[in-house]
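*Asks:*
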């Protein structure tokens, strides 16, 4: 089953096309949008973990975020993309090792009331990851290297 | 011993009169003491000031070479950090701003808050001397160089201002970090100027094809590579038949035969002009 899922991904390796996102429910091994698919299910049809074996789950790896993590990660083709406040990282899903990190300084005069500084997750399309920052920039990062492709101020 | 003590205290001009004024020795000592009283403070001050100026320069240079040069280059030619051998530093228009920047840090650069103000002034003064070195002249046309850059496929591995492929080092601000001479050499002999953080590795898994790629991450048990097509590979070392670090090798080919003459000048001018985001 795992190999079959991997084979499905291979033709489009590294490129998360619009079609793949629309048909995200056909790729249960990936998590291509905030809610997993366009139906907003937030549910994985993968059947390996069941009520009877859930108790025997063990930690495979852990990744220490710089800040509080309230993120819905994107998972595509063996890479997990996570975000924090004005930061992002790509992780190897097999080992949890960092593939790249990206950071944008939070302005010194930034103030937030009530909530901590968090980011709820990125979006992906083709070879770009999109991150919204606390200082109201939308930033596109290269999925392979984490290099900033562009950024745009979207709000005051 | 008391005589010695008297002579010493008189000589440095702080002793009280303890030698009898009627002895000839006392008269000589008295004259000597008065002379010293007049001159010594001046001499001490002058010597101190001279030593201080010399010390600032020496101390500044020593601190720069031991703590700053790793990123900024031994002669301020740049590397991981920007080149400092230029008359104008954008982020430090005056000496006060330069001292503050060194003390506070900026972006990835840690602040040298532990330096004494004198040491800080010394480093800042030394950095300014780097800017007085003769400036490099870059022949060639940057506009034409941009064409040479894309025609020769550089975008296939490098990103400039968000355009291209992120396999090799990003070049968006390469002109602020590397000299034209360095860039020219890298184009002709890439293996002579290997970039840090881009270790080229060959991994041969027990099953499947060998992979050559840039090491993205590694620990005792696993290694992650990115190959030239941008594909991501993750291996457990126990699954590998061989893992070789290709020391001194680079995936970047030499362009000695393809790019020469005016084209090379233009390409170098283009790259040297890439100073980062406006």
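Chains as they are written, first to last, in the working numbering: chain A, 169 to 324; chain B, 7 to 284. By construction, the Cβ of each residue, glycine as well, lies at the ideal position given by its N, Cα and C atoms.
With 16 other CB atoms within 10 Å as the buried threshold, where does residue 224(A) fall?
*Replies:* exposed
*Asks:* Rounded to whole angstroms, what's the CA-CA distance from residue 262(B) to residue 195(B)? Just pull it up for me.
*Replies:* 7 Å
*Asks:* In the DSSP assignment, find the unbroken alpha helix (DSSP H) run with residue 155(B) in it and report its ends.
*Replies:* Residues 148 to 157.
*Asks:* Measuring straight from C-alpha to C-alpha, what distance separates residue 309(A) and residue 258(A)?
*Replies:* 11 Å
*Asks:* Who are the Cβ neighbours of residue 312(A) in its own chain at under 6 Å, not counting the five residues just before and after it?
*Replies:* none
*Asks:* Give the DSSP bridge partners of residue 224(B), in chain order.
*Replies:* 229(B)
*Asks:* Output the boundary residues of the beta strand (DSSP E) element that contains residue 321(A).
*Replies:* 316 to 321
*Asks:* How about residue 148(B) and residue 276(B): are their beta carbons less than 8 Å apart?
*Replies:* Pairing residue 148(B) with residue 276(B) gives a Cβ-Cβ distance under 8 Å.
*Asks:* Between which residues of its own chain and residue 273(B) is the CB-CB distance below 7 Å, once the five residues before and five after are set aside?
*Replies:* 151, 154, 155, 193 and 265
*Asks:* Can you give me the Cβ contacts of residue 103(B) inside the same chain, cut-off strictly under 8 Å, excluding the 5 residues immediately before and after it?
*Replies:* 97
*Asks:* Which of the three DSSP states is assigned to residue 241(A) in this structure?
*Replies:* Correct three-state label for residue 241(A): coil.
*Asks:* Which residues in the same chain have their Cβ closer than 7 Å to the Cβ of residue 161(B), if we skip the five residues on either side of it in sequence?
*Replies:* Closer than 7 Å at the Cβ level, and outside the excluded window around residue 161(B), lie 169, 170 and 171.
*Asks:* Kindly confirm or deny that the region 129 to 139 of chain B and the region 270 to 290 of chain A touch, where touching means at least three C-beta pairs closer than 8 Å.
*Replies:* no
*Asks:* Based on Cα-Cα distance, which residue from 177(B), 108(B) and 248(B) lies nearest to residue 118(B)?
*Replies:* 108(B)
*Asks:* Going by CA-CA distance only, name the one from 222(B), 227(B) and 243(B) that's closest to residue 233(B).
*Replies:* 222(B)
*Asks:* Where in the region 121 to 147 of chain B do unbroken runs of the beta strand (DSSP E), each at least 3 residues long, occur, reported from the N-terminal end onward?
*Replies:* none
*Asks:* So with CB distances below 8 Å, who are the chain A contacts of residue 165(B)?
*Replies:* Correct list: 310, 313, 315 and 317.
*Asks:* Using a Cβ-Cβ cut-off of 8 Å, state whether residue 232(B) counts as contacting chain A.
*Replies:* yes
*Asks:* Could you name the residues that DSSP lists as bridge partners for residue 272(A)?
*Replies:* None, per the DSSP bridge assignment.
*Asks:* Provide the residue span of the alpha helix (DSSP H) that contains residue 276(B), from first to last.
*Replies:* 267 to 278
*Asks:* CB-CB under 6 Å to residue 87(B), same chain, minus the five flanking residues each way: which ones, in chain order?
*Replies:* 77 and 78
*Asks:* To the nearest angstrom, how far is the alpha carbon of residue 233(A) from that of residue 139(B)?
*Replies:* 44 Å
*Asks:* What would DSSP say about residue 245(B), mapped onto helix, strand or coil?
*Replies:* helix
*Asks:* Is the Cβ-Cβ distance between residue 82(B) and residue 90(B) less than 8 Å?
*Replies:* Going by C-beta atoms, residue 82(B) is nearer than 8 Å to residue 90(B).
*Asks:* Tell me whether the beta-carbon of residue 251(B) lies closer than 8 Å to the beta-carbon of residue 210(B).
*Replies:* no
*Asks:* Inspect the CB distances between the region 192 to 202 of chain A and the region 241 to 254 of chain A and report whether three or more fall short of 8 Å.
*Replies:* yes
*Asks:* Whole angstroms are fine: how far does the CA of residue 219(A) sit from the CA of residue 235(B)?
*Replies:* 41 Å
*Asks:* Run through DSSP, which three-state label would residue 251(A) get?
*Replies:* strand
*Asks:* So for residue 69(B), helix, strand or coil by DSSP?
*Replies:* helix
*Asks:* Determine the direct distance from the alpha carbon of residue 216(A) to that of residue 226(A), and round the result to whole angstroms.
*Replies:* 14 Å
*Asks:* Find out if the Cβ-Cβ distance for the pair residue 243(B), residue 182(B) is shorter than 8 Å.
*Replies:* no
*Asks:* What is the DSSP secondary structure of residue 102(B), reduced to helix, strand or coil?
*Replies:* helix
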